[in-house]
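K.L.:
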Amino acid sequence: MLGLCLGLAGHVWAELPQQQFTLSWHHTVEKIVWQEDYRLTPAGLQILQARVKGTGAGMEIPDDAKFYDDSWHYQPKLAPIAVLRLGRAPEAGDYQLCFNGKCQPMSHWIGAPNHQVEAVELWSCAVNP
Numbered sequence: 013m014l015g016l017c018l019g020l021a022g023h024v025w026a027e028l029p030q031q032q033f034t035l036s037w038h039h040t041v042e043k044i045v046w047q048e049d050y051r052l053t054p055a056g057l058q059i060l061q062a063r064v065k066g067t068g069a070g071m072e073i074p075d076d077a078k079f080y081d082d083s084w085h086y087q088p089k090l091a092p093i094a095v096l097r098l099g100r101a102p103e104a105g106d107y108q109l110c111f112n113g114k115c116q117p118m119s120h121w122i123g124a125p126n127h128q129v130e131a132v133e134l135w136s137c138a139v140n141p
């Protein structure tokens with residue numbers, strides 16, 4: 013079964029037996045919520061949809077985005093991502109991982125952001141539930 017692996021440079025810190033997830037965070041400058049929905053595939057993480065509550069520095073809304081439920085919704089047209097690398101500094105706050113509508117900070121699985129390791133990678137991996 014495919015699952016979500018969290019780690020760095022191929023070292024697995026956590027394996028989560030989930031097929032889909034939402035990644036959510038606050039933009040570090042604008043403090044606006046950003047969300048991306050992913051499905052795991054053998055080729056990588058396939059982004060399905062993204063939502064953002066507003067615009068700002070580096071947060072341009074695509075022309076085909078639709079505004080409803082207090083957010084701009086759009087569907088990025090991207091190939092599956094083999095490894096999604098995220099910056100993770102304590103000052104920026106933590107990412108949220110949501111499965112089936114229930115969210116937890118990423119620190120729930122891999123500890124709090126720290127200056128010794130300021131990145132995490134997400135990828136599709138084989139897990140045993």
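The sequence shown: position 111 = 123 (my numbering), numbered continuously. Backbone N, C-alpha and C fix where the C-beta goes; we use that ideal spot for every residue, glycine too. Note that the structure is predicted; figures quoted are calculated from it, not measured.
(1) Check the C-beta distance from Trp84 over to Ala91 and give it rounded, since I have them as a contact under 8 Å.
(2) Rounded to the nearest angstrom, what separates Trp135 and Leu96 at their Cα positions?
(3) Going straight from the alpha carbon of Gly99 to that of Val129, what length do you get?
(4) Look at the Cβ atom of Val24, then the Cβ atom of Trp46, and state whether they are nearer than 8 Å.
(5) When we look at the beta-carbon of Thr67 and count the other beta-carbons within 10 Å, is it buried (16 or more) or exposed?
(6) Starting from His23, follow the beta strand (DSSP E) in both directions and report where the run begins and ends.
(7) I'd like the span of the beta strand (DSSP E) that includes His38, first residue to last.
(8) State buried or exposed for Phe33, treating a residue as buried only when at least 16 other CB atoms are found within 10 Å of its CB.
(9) Mind checking which residues open and close the alpha helix (DSSP H) that includes His120?
(10) Pick out the complete beta strand (DSSP E) segments inside the region 35-114, 3 residues or longer, and give them in chain order.
(11) Rounded to the nearest angstrom, what separates Val116 and Arg51 at their Cα positions?
(12) Use the C-beta contact count for Gln108: other C-beta atoms within 10 angstroms, 16 or more gives buried, fewer gives exposed.
(13) What's the gap between the Cα of Gln31 and the Cα of His127?
P.N.:
The relevant details are as follows:
(1) Residue numbering aside, residue 84 sits at position 72 when the sequence shown is read from its first letter. Residue numbering aside, residue 91 sits at position 79 when the sequence shown is read from its first letter. Their Cβ separation, rounded to whole angstroms, is 23 Å, which puts Trp84 and Ala91 out of contact at 8 Å.
(2) One-based indexing of the sequence shown puts residue 135 at position 123. One-based indexing of the sequence shown puts residue 96 at position 84. The alpha-carbon atoms of Trp135 and Leu96 are separated by roughly 6 Å.
(3) For the purposes of this step, residue 99 is taken as residue 87 along the sequence shown, with counting starting at 1. For the purposes of this step, residue 129 is taken as residue 117 along the sequence shown, with counting starting at 1. Val129 has its alpha-carbon roughly 9 Å from the corresponding atom of Gly99.
(4) Walking along the sequence shown from the start, residue 24 turns up at place 12. Walking along the sequence shown from the start, residue 46 turns up at place 34. No.
(5) Residue mapping note: residue 67 aligns to position 55 of the sequence shown, counting from 1. It counts as exposed.
(6) Counted from its first residue, the sequence shown places residue 23 at position 11. Start and end: 23-28.
(7) Position 26 of the sequence shown holds residue 38. Taken as a continuous stretch (DSSP letters only), the beta strand (DSSP E) holding His38 covers 32-38.
(8) In the sequence shown, residue 33 corresponds to position 21, counting from 1. Around the Cβ of Phe33, a 10 Å sphere holds 16 or more other Cβ atoms; the residue is buried.
(9) Walking along the sequence shown from the start, residue 120 turns up at place 108. Taken as a continuous stretch (DSSP letters only), the alpha helix (DSSP H) holding His120 covers 119-122.
(10) You should have 45-53, 56-64, 78-80, 83-86, 96-99, 108-111.
(11) By 1-based counting over the sequence shown, the position of residue 116 is 104. By 1-based counting over the sequence shown, the position of residue 51 is 39. Sequence inspection shows Gln at residue 116; the Val mentioned does not correspond to that position. So the two alpha carbons sit approximately 18 Å from each other.
(12) One-based indexing of the sequence shown puts residue 108 at position 96. Counting Cβ neighbours within 10 Å, Gln108 comes out buried, since at least 16 surround it.
(13) As a position in the sequence shown, residue 31 is number 19, starting the count at 1. As a position in the sequence shown, residue 127 is number 115, starting the count at 1. Their Cα atoms are separated by approximately 30 Å.
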